[in-house]
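Beneath this line is the structure, given in structure tokens, with notes to follow.
Residue numbers (my numbering): 40 to 200.
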């Protein structure tokens, strides 16, 4: 039995149809807005474009799209299915697409939050990150009780015990 809460779903527009309706020549502002909308609603393509080394599988793209569509999500999966990996990707993409957002990673122990942060740092510090790394202020702030990664658009990702 599947239970779905009555929370409103964020509907995905048909971005390709909207782009086909654009005139042949458009100004820069419209072009930037169109490409941002295309990237926001095609999460798998966006991640594969931003990070060439760590690609995601179609089922992982499906999960990420669900997290972007609903405000509250519960994801239960078996061991070694990439839950921390997906959370790290989600945090990075959410911080990019929603300027000024505050993301907090809270776990039962600080080790899990540190693990997710280490995955994010691995993505940002690996070679060939010409598109992903410039979106964030590196290195992240690491204190005994809090890790903090800031995005250039004002978003923050915090890890707490």
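Note that CB positions come from ideal geometry on N, CA and C, so glycine has one too. Predicted model, so just to flag it, every value in this text is computed and none were measured.
With 16 or more other CB atoms across the displayed protein chains lying within 10 angstroms of its CB, residue 90 is buried. The count of Cβ pairs closer than 8 Å, one atom from the region 59-71 and one from the region 91-99, stays below three, leaving the stretches out of contact.
Between residue 106 and residue 190, the alpha-carbon positions lie close to 20 Å from each other. CA-to-CA, the gap between residue 84 and residue 199 works out to about 30 Å. For the options 141, 103, 108, the alpha carbon positioned closest to that of residue 124 is the one of 103.
Residue 65 carries a coil assignment under DSSP once its states are collapsed to helix, strand and coil. Under DSSP, residue 195 forms a beta bridge with 141, 189. Bounds of any alpha helix (DSSP H) do not take in residue 176; it lies within the beta strand (DSSP E) bounded by 175-181.
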